[in-house]
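Asks:
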Amino acid sequence: MNSRDYLIEHLIAIPSFRALLRAVEARKIAALNLPRPILDLGCGDGHFAQATFTEPLDVGIDPSPHAIAEAARRGMHRELRVVNSNAMPFADGAFASVLSNSVLEHIPDVDATLHETYRVLRRGGVFVFTTPSHHFAEFLFFADFFRALRLETLARAYENYFNRISRHYRTDSPEVWQARLARYGFVVREWHAYFSRAASHLFDLAHYYSAPTLLYKKLFGRWVLLPHRANFALIEPLWRRYYDEPPVTKGAYLFFVCEKK
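Count along the sequence shown from 1, then add 2; that gives the number in our numbering.
1. Residue range of the beta strand (DSSP E) that Arg158 falls in?
2. Please go through the stretch 51-119 and give each complete alpha helix (DSSP H) segment of 4 or more residues, from N-terminal end onward.
3. Beta carbon of Glu154, beta carbon of Phe258: below 9 Å?
4. Using the three-state DSSP reduction, which class does Leu13 fall into: helix, strand or coil?
5. Roughly how many angstroms separate the alpha carbons of Phe131 and His230, rounded to a whole number?
6. State the Cα-Cα distance for the pair Asn35 and Ala150, rounded to the nearest angstrom.
7. In angstroms with no decimal places, state the Cα-to-Cα distance between Ala184 and Val85.
8. Using the Cα positions of Ala21 and Leu13, report the straight-line distance between them to the nearest angstrom.
9. Out of Gly77, Leu204 and Pro67, state which residue places its alpha-carbon closest to the alpha-carbon of Glu57.
10. Whether or not the stretch 245-252 and the stretch 41-50 are in contact is what I'm after, with contact meaning three or more pairs of Cβ atoms, one per stretch, closer than 8 Å; do they touch?
11. Distance check for Val100 and Glu238, CA to CA, integer angstroms please.
12. Does DSSP put Arg191 in a helix, a strand or coil?
13. Flag this pair as touching only if the stretch 83-98 and the stretch 154-171 have three or more C-beta atom pairs under 8 Å; answer yes or no.
14. On the DSSP letters alone, give me the boundaries of the alpha helix (DSSP H) that Pro134 sits inside.
15. Going along the chain, which residues of its own chain have a beta-carbon closer than 7 Å to the beta-carbon of Ser202, five neighbours each way excluded?
16. Report back the beta-carbon spacing between Ala73 and Leu82 to the nearest angstrom; my notes put them in contact at under 8 Å.
17. Buried or exposed, going by whether 16 or more other CB atoms sit within 10 Å of the CB of Val122?
18. With distances taken Cα to Cα, identify the nearest neighbour of Pro110 among Pro37, Val226 and Tyr171.
19. Do His136 and Val178 come within 9 Å of each other at the CB atom, strictly closer than that value?
20. With a threshold of 16 other CB atoms inside 10 Å of the CB of Pro37, please say whether the residue is buried or exposed.
21. Are the beta-carbon atoms belonging to Leu41 and Asp60 less than 9 Å from one another?
22. From Asn103, Arg6, Ala28 and Asp113, pick the residue whose C-alpha is nearest to that of Gln180; which is it?
23. Which residues bound the alpha helix (DSSP H) around Glu237?
24. Would you report the Cα separation of Thr119 and Gly62, rounded to the nearest angstrom?
25. If I follow the unbroken alpha helix (DSSP H) through Val250, where does it start and stop?
26. Apart from the five residues on each side of it in sequence, which residues of its chain come closer than 6 Å, Cβ to Cβ, to Ser104?
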């Protein structure tokens, strides 16, 4: 049985708004039995792999040389490459699993990436990804706040602003994703929504609470100055409430497990 506390592992390492979301995702992905070799598509700085898995993943790719350099220091990938996911330098069927955690929404030409993902997966291979849903911006605290005041224009402006600073090219519904995946030959084994409206409210507000971490990262090279659980004693109970929230029918994020047939 996995006894890791993903929430604490994330809280002591990254900004608190991101910690909540990534901890939820880490627990979901760690529960899967992903066959090897595994490609981590959009591995970033390697923190998510470090805070999710117990053994290094086989290959990690990312378009950012800076992120790849940081991932190399973490040591959670056996091989790392600076790669554009629209043209992967791997043979057909090179991987048994492809993992992409909150990455596809940041890729302008996601169709090319899905085409390449299908190509590098072996037959029967697994493609797991998470991504914001069409409810992402709608569920934000200030979007709801402005709508409660009947300020629809401000609500929409805030939604657009948040998607812009999040560098989202898309936040699609499960139906759109299912149709897109089918075009490239993927069969959806399972999918579900996660991260409720209430969790999204906390996520939104925590961005402002976490603002000083931007300065810490710039000055000291890390998000959290004092990475000890005791320093989060006041906020941990609230964060844990949403870390442990029951399944939802509508969520700000989507979790997909697909197969190459």
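Cβ atoms here follow ideal geometry from the backbone N, Cα and C, with glycine treated the same way.
Replies: Checking against the coordinates, here is how it stands:
1. Here residue 158 refers to the residue found at position 156 when the sequence shown is read from its first residue. Arg158 -> not in any beta strand (DSSP E); alpha helix (DSSP H) instead, spanning Glu154 to Ile167.
2. 67-76
3. Residue numbering aside, residue 154 sits at position 152 when the sequence shown is read from its first letter. Residue numbering aside, residue 258 sits at position 256 when the sequence shown is read from its first letter. Cβ distance not < 9 Å, so Glu154 and Phe258 don't count as in contact.
4. Here residue 13 is taken as the residue at index 11 of the sequence shown, counted from 1. DSSP places Leu13 in helix when its eight states are reduced to three.
5. The residue given as residue 131 occupies position 129 in the sequence shown. The residue given as residue 230 occupies position 228 in the sequence shown. In a straight line, the C-alpha of Phe131 is about 30 Å away from that of His230.
6. Position 33 of the sequence shown, counted from the first residue, corresponds to residue 35. Position 148 of the sequence shown, counted from the first residue, corresponds to residue 150. The straight-line gap from Cα to Cα measures roughly 44 Å.
7. Taking the first residue of the sequence shown as 1, we reach residue 184 at position 182. Taking the first residue of the sequence shown as 1, we reach residue 85 at position 83. Rounded to the nearest angstrom, the two C-alpha atoms are 25 Å apart.
8. Residue mapping note: residue 21 aligns to position 19 of the sequence shown, counting from 1. Residue mapping note: residue 13 aligns to position 11 of the sequence shown, counting from 1. The straight-line gap from Cα to Cα measures roughly 5 Å.
9. As a position in the sequence shown, residue 57 is number 55, starting the count at 1. Nearest of Gly77, Leu204 and Pro67 to Glu57, Cα basis: Gly77.
10. no
11. Numbered from 1 along the sequence shown, position 236 holds the residue referred to as residue 238. Numbered from 1 along the sequence shown, position 98 holds the residue referred to as residue 100. Taking the straight line from one Cα to the other gives about 32 Å.
12. Counted from its first residue, the sequence shown places residue 191 at position 189. Reduced to three states, the DSSP call for Arg191 is strand.
13. no
14. As a working note, residue 134 is residue 132 in the sequence shown. From DSSP, Pro134 is part of no alpha helix (DSSP H) but of the beta strand (DSSP E) over Leu123 to Pro134.
15. On the sequence shown, position 200 is the one that residue 202 refers to. The residues are Phe141, Leu142 and Ala254.
16. Sequence index remark: in the sequence shown, residue 73 carries index 71 (1-based). Sequence index remark: in the sequence shown, residue 82 carries index 80 (1-based). So it is a contact: roughly 6 Å between Cβ atoms.
17. Mapped onto the sequence shown, residue 122 falls at position 120. Result: buried.
18. For the purposes of this step, residue 110 is identified with residue 108 of the sequence shown, where counting begins at 1. Nearest of Pro37, Val226 and Tyr171 to Pro110, Cα basis: Tyr171.
19. The sequence position of residue 178 within the sequence shown is 176, counting from 1. The sequence position of residue 136 within the sequence shown is 134, counting from 1. Yes. Within cutoff.
20. Your numbering for residue 37 matches position 35 in the sequence shown. Exposed: under 16 other Cβ atoms inside 10 Å.
21. Within the sequence shown, residue 41 is the residue found at index 39, counting from 1. Within the sequence shown, residue 60 is the residue found at index 58, counting from 1. A contact, by the Cβ cut-off of 9 Å.
22. If you number the sequence shown from 1, residue 180 lands on position 178. Cα-wise, what sits closest to Gln180 is Asp113.
23. In the sequence shown, residue 237 corresponds to position 235, counting from 1. Rather than Glu, the amino acid found at residue 237 in this sequence is Ile. Neither: Ile237 is in no alpha helix (DSSP H) and is coded neither H nor E.
24. Position 117 of the sequence shown, counted from the first residue, corresponds to residue 119. Position 60 of the sequence shown, counted from the first residue, corresponds to residue 62. Cα to Cα, Thr119 sits roughly 13 Å from Gly62.
25. The count along the sequence shown starts at 1 and reaches residue 250 at position 248. From DSSP, Val250 is part of no alpha helix (DSSP H); its letter is neither H nor E.
26. Walking along the sequence shown from the start, residue 104 turns up at place 102. So the qualifying residues of the chain are Thr132.
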